[in-house]
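So that you can map any letter, position 240 of the sequence shown is 240 in full-length UniProt numbering, and since no number is skipped, the others follow by simple counting. Cβ coordinates follow ideal geometry from the N, Cα and C atoms, glycine included. First the structure, in the form of structure tokens, and then the observations on it.
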Amino acid sequence: MFGKKEVSSTSNANLDPTRIPNHIAIIMDGNGRWAQKRHLPRIAGHKQGMQTVKTVTIAASELGVKVLSLYAFSTENWKRPSSEVNYLMQLPIKFFSTFVPDLVKHNVRVMVMGDITKLPAGTQKAVNDAIKDTADCDGMILNFALNYGSRDEIIRATKHIAERVAAGEISSKQIDEQLLSQNMMSAKLGDLANPDLLIRTSGEERISNFMLWQIAYSELEFTDVYWPDFDRTSLEDAIIEFQGRHRRYGGLKNN
Ligand code: IPE
Ligand code: IPE
Ligand code: MG
Numbered sequence: 001m002f003g004k005k006e007v008s009s010t011s012n013a014n015l016d017p018t019r020i021p022n023h024i025a026i027i028m029d030g031n032g033r034w035a036q037k038r039h040l041p042r043i044a045g046h047k048q049g050m051q052t053v054k055t056v057t058i059a060a061s062e063l064g065v066k067v068l069s070l071y072a073f074s075t076e077n078w079k080r081p082s083s084e085v086n087y088l089m090q091l092p093i094k095f096f097s098t099f100v101p102d103l104v105k106h107n108v109r110v111m112v113m114g115d116i117t118k119l120p121a122g123t124q125k126a127v128n129d130a131i132k133d134t135a136d137c138d139g140m141i142l143n144f145a146l147n148y149g150s151r152d153e154i155i156r157a158t159k160h161i162a163e164r165v166a167a168g169e170i171s172s173k174q175i176d177e178q179l180l181s182q183n184m185m186s187a188k189l190g191d192l193a194n195p196d197l198l199i200r201t202s203g204e205e206r207i208s209n210f211m212l213w214q215i216a217y218s219e220l221e222f223t224d225v226y227w228p229d230f231d232r233t234s235l236e237d238a239i240i241e242f243q244g245r246h247r248r249y250g251g252l253k254n255n
């Protein structure tokens, strides 16, 4: 499923093209504040944020990232005014109707985490069509978190495992890290399920229910840039910072 690493393309001399994080996850935040700063309605920020998704997807794919996970709508975002929720629900339709040919051209495959059955029918169709239309692409995976919440994901995994134990299919002794991982919504990403780098834009420094299980050993980066202003250079800067980190996974630096 995951082919050999393509040669990365970058003009940034500080970026080491041989040490690109395999999986980058982004909490795309700050659309509303970006718009408010310009005296525009919040939805103008979401519209511009969609353009950023296109720019960053192509940049990540060209840099050789293997999985790009984007937090697009959380299980808590339903609390927003219905006019904003409705607009956000239309965005995947707009996004995929114009962008699928580019995704195919860049060999990018679309996947989704989250309960999309709760989305309006037209949104579900747009998402499912994009998944189907890019199913043969074997370059970068563009993994959208849509109506995704990590606690919801963990609850679902726990229920499923408990049902299997109750049915006698497995013993509680078999519950381990691997079994939990296999029951997470990220399981389809296989060995690449855990982000190497998690970026949050907009200056907020919290996780807001995103990939809690998977980010146990991710490098975390917070930038003040609002998502609509994030671009290829911001992504490269984030990767350069990542390349300066020392990941130890609980061990020692040199082991
Ligand atoms: C992120 O931007 C997009 C979604 C959560 C859907 P926000 O809409 O949260 O923007 P701010 O945080 O209010 O500025
Ligand atoms: C997190 O942003 C969710 C997404 C980016 C989709 P929020 O704006 O919803 O998070 P909080 O409410 O500031 O924690
Ligand atoms: Mg926000």
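Under the rule that 16 or more other beta-carbon atoms within 10 Å means buried, what is residue i, buried or exposed?
| i | result |
| --- | --- |
| A130 | buried |
| I170 | exposed |
| N86 | exposed |
| D29 | buried |
| G49 | buried |
| Y148 | buried |
| S97 | exposed |
| Q174 | exposed |
| L91 | buried |
| G251 | exposed |
| A60 | buried |
| I155 | exposed |
| L179 | exposed |
| residue 274 | The structure shown does not extend to residue 274, since the chain is modelled only from 1 to 255, so the question has no answer here. |
| E205 | exposed |
| A35 | buried |
| V56 | buried |
| S83 | exposed |
| E76 | exposed |
| E153 | buried |
| G168 | exposed |
| I161 | buried |
| G139 | buried |
What residue does the beta strand (DSSP E) around residue i start on, and which one ends it?
| i | result |
| --- | --- |
| M113 | 109-113 |
| A72 | 67-74 |
| A145 | 141-148 |
| I199 | 197-200 |
| E221 | 219-222 |
Does chain C have any CB closer than 7 Å to the CB of residue i?
| i | result |
| --- | --- |
| I116 | Absent from the structure is chain C; it holds one protein chain and no more. |
Would a C-beta distance cut-off of 7 Å place residue i and residue j closer than the cut-off?
| i | j | result |
| --- | --- | --- |
| H23 | V67 | yes |
| I43 | R200 | no |
| N183 | A216 | no |
| A145 | Y71 | yes |
| V127 | I141 | no |
| N209 | S74 | yes |
| P195 | A25 | yes |
| T52 | F222 | no |
| A187 | Q214 | no |
| I239 | L40 | no |
| S150 | L212 | yes |
| P17 | L197 | no |
| R109 | C137 | yes |
| E241 | N12 | no |
| I93 | G114 | no |
| D133 | V112 | no |
| G45 | G64 | no |
| R248 | E219 | no |
| R19 | Q243 | yes |
| D176 | G203 | no |
What are the start and end residues of the alpha helix (DSSP H) that includes residue i?
| i | result |
| --- | --- |
| Y87 | 82-105 |
| L235 | 232-243 |
| G122 | 121-133 |
What I want to know is whether the C-beta of residue i ends up closer than 6 Å to one or more non-hydrogen atoms of ligand 4.
| i | result |
| --- | --- |
| Y71 | Ligands present in the displayed structure are limited to ligand 1, ligand 2 and ligand 3, and ligand 4 is not among them. |
Query raised in the report: Which ranges does the alpha helix (DSSP H) cover as unbroken runs of at least 4 residues, wholly within the stretch 163-187, from first to last along the chain?
Result: 177-182
Query - Ranges of the alpha helix (DSSP H) found wholly within the stretch 12-65, counting only runs of at least 4 - result: 31-37, 42-63
Query raised in the report: Relative to ligand 1, what is the chain-ordered list of residues with a Cβ closer than 5 Å to any of its non-hydrogen atoms?
Result: D29, G30, N31, G32, R33
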